[in-house]
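Q:
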Amino acid sequence: MTEADPLRLLAVHAHPDDESSKGAATMAKYVAEGVRVMVATCTGGERGSVLNPALDRPDVWERLPEIRREEMARAREVLGVEQEFLGFVDSGLPEGDPLPPLPEGCFALVPTEEAAAPLVELIRRFKPHVITTYDERGGYPHPDHIKTHEVSVHAFDAAGDPDRYPDLGEPWQPLKLYYHMGFTLPRTRALHEAILASGQESPYAEWLENWDPERDMSHRVTTKVPCAEYFAVRDAALIAHATQIDPNGRWFACPLEVQQRVWPTEDYELARSVVDSPAPEDDLFAGVRSEVVVR
0 MTEADPLRLL
10 AVHAHPDDES
20 SKGAATMAKY
30 VAEGVRVMVA
40 TCTGGERGSV
50 LNPALDRPDV
60 WERLPEIRRE
70 EMARAREVLG
80 VEQEFLGFVD
90 SGLPEGDPLP
100 PLPEGCFALV
110 PTEEAAAPLV
120 ELIRRFKPHV
130 ITTYDERGGY
140 PHPDHIKTHE
150 VSVHAFDAAG
160 DPDRYPDLGE
170 PWQPLKLYYH
180 MGFTLPRTRA
190 LHEAILASGQ
200 ESPYAEWLEN
210 WDPERDMSHR
220 VTTKVPCAEY
230 FAVRDAALIA
240 HATQIDPNGR
250 WFACPLEVQQ
260 RVWPTEDYEL
270 ARSVVDSPAP
280 EDDLFAGVRS
290 EVVVR
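Under numbering that gives the first Met the number 0, the first residue of the sequence shown is numbered 0, with each subsequent residue one higher.
#1: Measuring CA to CA, which of TYR178, PRO185, PHE230, TRP250 is closest to ARG271?
#2: Check THR132 in the structure and name its three-state DSSP category.
#3: If you draw a straight line from the C-alpha of THR111 to the C-alpha of ASP211, how long is it?
#4: Am I right that VAL304 and CYS105 are in contact with their C-beta atoms under 8 Å? What's the rounded C-beta distance?
#5: Decide yes or no for the touch test of the region 84-104 against the region 49-62: beta carbon pairs closer than 8 Å, at least 3 of them.
#6: Please return the same chain residues whose Cβ sits closer than 6 Å to the Cβ of MET37, not counting the five positions on each side in sequence.
#7: If you run the structure through DSSP and keep just helix, strand and coil, what is LEU9?
#8: In whole angstroms, what is the alpha-carbon distance linking GLU192 and ASP134?
#9: In the structure shown, what three-state DSSP assignment does VAL88 receive?
#10: Report buried or exposed for GLY248, applying the criterion of at least 16 other Cβ atoms within 10 angstroms of its Cβ.
#11: Are there three or more Cβ pairs, one per stretch, closer than 8 Å when the region 235-242 is compared with the region 131-148?
#12: Considering ASP266, what are the terminal residues of the beta strand (DSSP E) in which it resides?
#13: For ARG68, which of TRP206, CYS41, PRO127, ASP282 has the nearest alpha-carbon?
#14: Indicate whether the contact test is met: 3 or more Cβ pairs, each with one atom in the region 197-211 and one in the region 152-163, closer than 8 Å.
#15: Excluding the 5 residues preceding and the 5 following ALA24 in the sequence, name in chain order all residues of the same chain whose CB lies nearer than 6 Å to its CB.
#16: In the structure shown, what three-state DSSP assignment does PRO99 receive?
#17: Mind checking which residues open and close the beta strand (DSSP E) that includes LEU237?
#18: Among ARG7, ALA31, MET26, LEU63, which residue has its Cα nearest to the Cα of TYR267?
#19: Going by DSSP, what residue range makes up the alpha helix (DSSP H) through HIS218?
#20: What residue ranges within the region 140-174 form continuous alpha helix (DSSP H) runs of no fewer than 4 residues, ordered along the chain?
#21: Pick helix, strand or coil for GLN199, following the three-state DSSP scheme.
#22: What's the gap between the Cα of GLU65 and the Cα of VAL49?
#23: When DSSP builds the beta bridges, which residues end up paired with ALA39?
#24: If we call anything under 8 Å between Cβ atoms a contact, is PRO52 one with VAL34?
#25: Assign LEU207 to buried or exposed, taking buried as 16 or more other Cβ atoms, counted over all protein chains shown, within 10 Å of its Cβ.
#26: Measuring CA to CA, which of ALA252, ASP275, GLN172, ALA236 is closest to GLY79?
#27: Should TRP262 be labelled buried (16 or more other beta-carbon atoms within 10 Å of its own) or exposed?
#28: Among VAL30, ALA31, LEU63, which one has its Cα closest to the Cα of GLU45?
Shown next as structure tokens:
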């Protein structure tokens with residue numbers, strides 16, 4: 000790596016605010032180290048809710064798409080990252096039994112080959128060495144998160160193939176693809192127990208009581224990135240998405256110093272790699288740095 004050719008990380012997310020709740024401290028850490036970090040936001044979050052009671056007002060709802068873009072701009076500045084919208088329309092989170100059909104033209108209904116095209120173009124233009132995204136469950140089963148996973152995997156494989164999307168730039172093969180592993184059972188339990196030990200009420204009690212161990216993904220974690228000193232930056236980026244985050248809610252219920260002491264990493268699963276990088280890792284660029292120098 001040289002100043003003229005820095006390492007590059009691309010984080011692919013479904014909506015504005017996802018980048019600040021998943022891997023934000025990791026991104027801030029790498030930005031501080033001189034890595035170029037790009038966030039690709041698949042949709043504008045147009046069908047999101049207003050989750051901050053203080054902003055649940057008619058004037059906010061009327062301008063929600065514009066407000067979410069403004070919030071994204073503020074979060075981008077906090078994190079020090081570059082960011083682009085891929086131009087798709089939020090699918091919304093369907094509720095009910097049976098679930099209603101998804102809205103016509105939404106991101107989740109776009110065929111994957113078509114939906115991946117803007118991401119392939121961005122990969123070939125930005126030339127990331129590493130990409131992060133969601134696992135096959137979407138992290139949680141929002142249709143846009145699942146689609147983001149599908150599109151990211153598709154684009155990772157297609158971007159380096161000259162026979163695929165030939166009109167979208169010169170081929171570029173990213174070297175590693177990671178999935179976010181956020182609220183695993185061990186992490187949630189560790190934070191819960193630390194909060195109780197401090198004499199406070201844990202926001203995770205009911206969550207843990209209803210947790211299905213079969214759904215836990217902790218056994219898939221390959222990579223733990225130490226980034227506790229950037230947790231405050233992560234929180235500031237989250238707060239920038241004021242319509243989406245209740246500052247008095249669960250996200251901020253665990254004291255920062257407890258998080259930094261008990262679980263000072265953000266965790267990932269290495270899903271694809273074309274470089275040699277034995278697990279466990281503590282760096283998304285493990286095995287990449289020497290490859291970039293050789294190139």
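We treat Cβ as the ideally placed atom computed from N, Cα and C, and that holds for glycine.
A: So, to answer that:
#1: TYR178
#2: strand
#3: 31 Å
#4: In the structure displayed, the chain extends from 0 to 294; residue 304 sits before or after that span and is not available.
#5: no
#6: LEU9, GLU81, PHE125
#7: strand
#8: 27 Å
#9: coil
#10: Classification for GLY248: exposed.
#11: With the cut-off at 8 Å, the region 235-242 and the region 131-148 do not touch.
#12: 264-272
#13: CYS41
#14: A contact is defined here as three or more CB-CB pairs under 8 Å, and the region 197-211 fails this definition with respect to the region 152-163.
#15: CYS226, TYR229, PHE230, ARG233, GLU265
#16: coil
#17: Careful: LEU237 lies outside any beta strand (DSSP E), inside the alpha helix (DSSP H) at 230-239.
#18: MET26
#19: Segment: none, HIS218 is in no alpha helix (DSSP H) and carries neither H nor E.
#20: 142-157
#21: coil
#22: 13 Å
#23: VAL11, GLU83
#24: Going by C-beta atoms, PRO52 is not nearer than 8 Å to VAL34.
#25: exposed
#26: ALA236
#27: buried
#28: LEU63
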